[in-house]
Amino acid sequence: GRYGDCDEYGEGLLKFPDGAIGVLAGGWVDVENPVPLLISGTEGHAYVCNGQLTFKSGRVPGADGKAPWTDLPPDLPHAFELYLDALHGQDVPLVSPREAAARNVVMEAMYQAAKGERWVKVG
């Protein structure tokens with residue numbers, strides 16, 4: 006692929022302890038990459054299409070999924086800038102080591118599930 010050994014696409018089915026089910030998909034196999042992110046769940050969905058977020062949830066007023074969701078926080082600086090700011094002792098919104106480890110556990114479970122064609126329990 007275009008990115009060496011890096012995954013160019015993927016999809017995962019997630020089951021949560023409370024019974025909620027979610028689908029997480031991502032990839033950049035399309036030359037235009039019009040939909041780089043799609044998250045679906047039992048109570049809503051969100052996707053980015055042509056740089057715009059569309060979001061539907063019965064729990065969030067106005068999130069009807071019919072128009073791009075524009076009520077977003079300001080963009081953060083580039084990740085490398087945040088990293089350099091952190092090195093200089095500034096308080097920046099970084100992912101904690103615990104959160105990074107948890108994300109890796111979930112990703113590894115998704116790889117194991119795909120390889121073994123089975124559910125993998127996390128936690």
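Every number in the numbering used here is 5 more than the matching position in the sequence shown, counting from 1. C-beta atoms are modelled at their ideal positions from N, C-alpha and C, and glycine is treated no differently. Remember, it's a predicted structure, so these values are computed and weren't measured experimentally.
- Contact check for C54 against P78 fails: the beta carbons are separated by 8 Å or more.
- Listed in chain order, the non-local C-beta contacts of Q57 below 6 Å within the same chain comprise P73, local neighbours out to five positions each way being set aside.
- Taking the C-beta atoms as reference points, V100 is found no nearer than 8 Å to D90.
- Across the structure, M115 and D69 are spaced so that their CA atoms are roughly 30 Å apart.
- Between G63 and I44 the beta-carbon gap is near 16 Å, outside 8 Å, which marks them as no contact.
- Between the alpha carbons of H50 and F60 lies a distance of about 6 Å.
- The beta carbon of V34 is closer than 6 Å to those of E13 and Y14 in its chain, skipping five residues each way along the sequence.
- Beta-carbon to beta-carbon, E16 and A30 are separated by about 4 Å, close enough to satisfy the 8 Å threshold.
- In this structure, the alpha-carbon of P82 lies about 15 Å from that of H93.
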